[in-house]
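Residues 76 to 323 (this note's numbering) make up the sequence shown, in order.
Where a beta carbon is used, it is the ideal one built from N, C-alpha and C, also for glycine.
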Amino acid sequence: MISYNFISKENENNLIKYQYKGRDNSILYNYVFGPIAESFQTQYKQNDQINIFNINIIILKLTLCGYLCVIIPHLVLWYMFPNELSGNIPRSLCAFIGIMHLIYMNFDNVDGKQARKTGNSSPLGLLFDHGCDALVVSVQGISLAACMGFGNTYNSYLVYASGAIPFFITTIDEYYNDFMYLPWINGASEGCLAVGLFILFSAAFGPQWWGEEIVFGQTKRQVTLYFFLFAGIVTSLNIFKKKYVLEI
Numbered sequence: 076m077i078s079y080n081f082i083s084k085e086n087e088n089n090l091i092k093y094q095y096k097g098r099d100n101s102i103l104y105n106y107v108f109g110p111i112a113e114s115f116q117t118q119y120k121q122n123d124q125i126n127i128f129n130i131n132i133i134i135l136k137l138t139l140c141g142y143l144c145v146i147i148p149h150l151v152l153w154y155m156f157p158n159e160l161s162g163n164i165p166r167s168l169c170a171f172i173g174i175m176h177l178i179y180m181n182f183d184n185v186d187g188k189q190a191r192k193t194g195n196s197s198p199l200g201l202l203f204d205h206g207c208d209a210l211v212v213s214v215q216g217i218s219l220a221a222c223m224g225f226g227n228t229y230n231s232y233l234v235y236a237s238g239a240i241p242f243f244i245t246t247i248d249e250y251y252n253d254f255m256y257l258p259w260i261n262g263a264s265e266g267c268l269a270v271g272l273f274i275l276f277s278a279a280f281g282p283q284w285w286g287e288e289i290v291f292g293q294t295k296r297q298v299t300l301y302f303f304l305f306a307g308i309v310t311s312l313n314i315f316k317k318k319y320v321l322e323i
């Protein structure tokens, strides 16, 4: 089992030649998150004592640190409210989850930019980065549902699906077309920020705040769920017009 060659010789050569291709047209990424990541890069590049091997390790550490910023608060949430998505989550815990989520976003932007700028992009780095992102989508969907008090209902599954399905469609499209396209509003930037802000709203007003009625007998929680589903559908449909956009 250990000595089995899972990758053929031909594919090993292709693996060495692999280069990531993609375009992120996100407004927030290009005008806010990108420049923030660039500022961290500038400070990092001033240290000329770091060799290429260490740069690779540091990039993977950035990715791992970003993932831990999400998984640690989630484990705290799970420890305090095991198997329960409708508990009275303390505001302080919601604040911890929301702030750490925003920190994760910055780690996620910095590691990719650092890898590309230093010429150290690799299939392993891409697999590790996107693998962590896939886990974050799952974990943070559950944390969001808990912080907003959706409870152990099908609505919590819908909250999770509104983020997981667009992520899956984007990733499977990249697999078959060898190009990752993210439109001007996408889940990786705008969606990720929205998740953090909604959790911070729970920190500011408490999870019960989402249960207040606003229009036509609908609660803030239900209206927000409709928004999540609408955003998830629009983001997913964007993938079908990708070819047209890229040809322009």
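Alpha carbon of residue i to alpha carbon of residue j, nearest angstrom
i: F171; j: K295; result: 22 Å
i: I102; j: N80; result: 43 Å
i: I244; j: L210; result: 15 Å
i: Q293; j: D204; result: 39 Å
i: S231; j: N88; result: 44 Å
i: F128; j: W285; result: Residue confidence for F128 is low, a pLDDT of 42 falling below 50, so the modelled location carries little weight; the figure read from the coordinates is stated next. Spanning the two alpha carbons is a distance of roughly 49 Å.
i: F280; j: K84; result: 58 Å
i: I91; j: L199; result: 10 Å
i: A306; j: S264; result: 13 Å
i: V151; j: Y250; result: 35 Å
i: G187; j: S196; result: 8 Å
i: Y229; j: A220; result: 11 Å
i: I164; j: N184; result: 29 Å
i: M155; j: S218; result: 12 Å
i: N86; j: F276; result: 48 Å
i: T310; j: F108; result: 19 Å
Among the options, the one whose alpha carbon lies nearest that of residue i
i: F242; options: Y154, N261, D253; result: N261
i: I308; options: Y250, A236, G206; result: A236
i: W153; options: D248, C222, I82; result: C222
i: K96; options: L272, L275, D253, S311; result: D253
i: R166; options: F108, I274, N86, Y104; result: I274
i: L272; options: I111, N100, C169; result: C169
i: Q94; options: M255, Q283, G109; result: M255
i: I325; options: I314, L304, N100, P282; result: Here the chain comprises residues numbered 76 to 323, so residue 325 is not present and cannot be evaluated.
i: P258; options: L137, L304, P110, L312; result: L312
i: P110; options: E287, N227, T138, Q189; result: Q189
i: T138; options: S114, D99, G206, E113; result: G206
i: F115; options: R98, D208, I134, E287; result: I134
Residue i, enclosing alpha helix (DSSP H) - first and last residue
i: E85; result: 84–92
i: G216; result: 198–222
i: G238; result: 229–252
i: G281; result: Looking at the DSSP string, G281 is not in any alpha helix (DSSP H), and its letter there is neither H nor E.
i: G307; result: 295–312
Range of the contiguous beta strand (DSSP E) that encloses residue i
i: I289; result: 288–290
i: L257; result: 255–257
i: F162; result: First, the amino acid is wrong: residue 162 is Gly here, not Phe. Counting along the chain, G162 falls outside any beta strand (DSSP E), and DSSP gives it neither H nor E.
i: G97; result: 97–99
Same chain, Cβ closer than 7 Å to residue i, neighbours up to 5 away in sequence not counted
i: I289; result: K295, V298
i: Q215; result: V145, H176, V270
i: A278; result: R166, C169, A170, G173
i: K120; result: For K120, the predicted model reports a pLDDT of 49, less than 50, meaning its position is unreliable; a value from the coordinates is still stated below. Within the same chain, K120 has no close Cβ partners at all.
Chain-order list of residues whose beta-carbon lies under 8 Å from that of residue i (same chain, five-residue window excluded)
i: F225; result: L160, S161, S231, V234, R296, L300
i: S213; result: Y235, A239
i: C140; result: F182
heavy atom of the ligand PLP below 7 Å from residue i C-beta
i: A112; result: With respect to the ligand PLP, the structure offers nothing, as it holds no ligand at all.
Same chain only: Cβ atoms within 6 Å of residue i, ignoring 5 sequence neighbours per side
i: Y104; result: S264
i: P349; result: This structure cannot speak to residue 349, because the chain is shown only from 76 to 323.
Within-8 Å CB hit, residue i to chain B
i: V290; result: Among the chains of the structure shown, chain B does not appear; only one protein chain is present.
Self-check item: the segment 152–168 contacting the segment 252–272, beta-carbon criterion three pairs below 8 Å
Solution: no
Quiz item: Does the pairing of the segment 177–186 with the segment 138–147 give three or more beta-carbon distances under 8 Å?
Solution: yes
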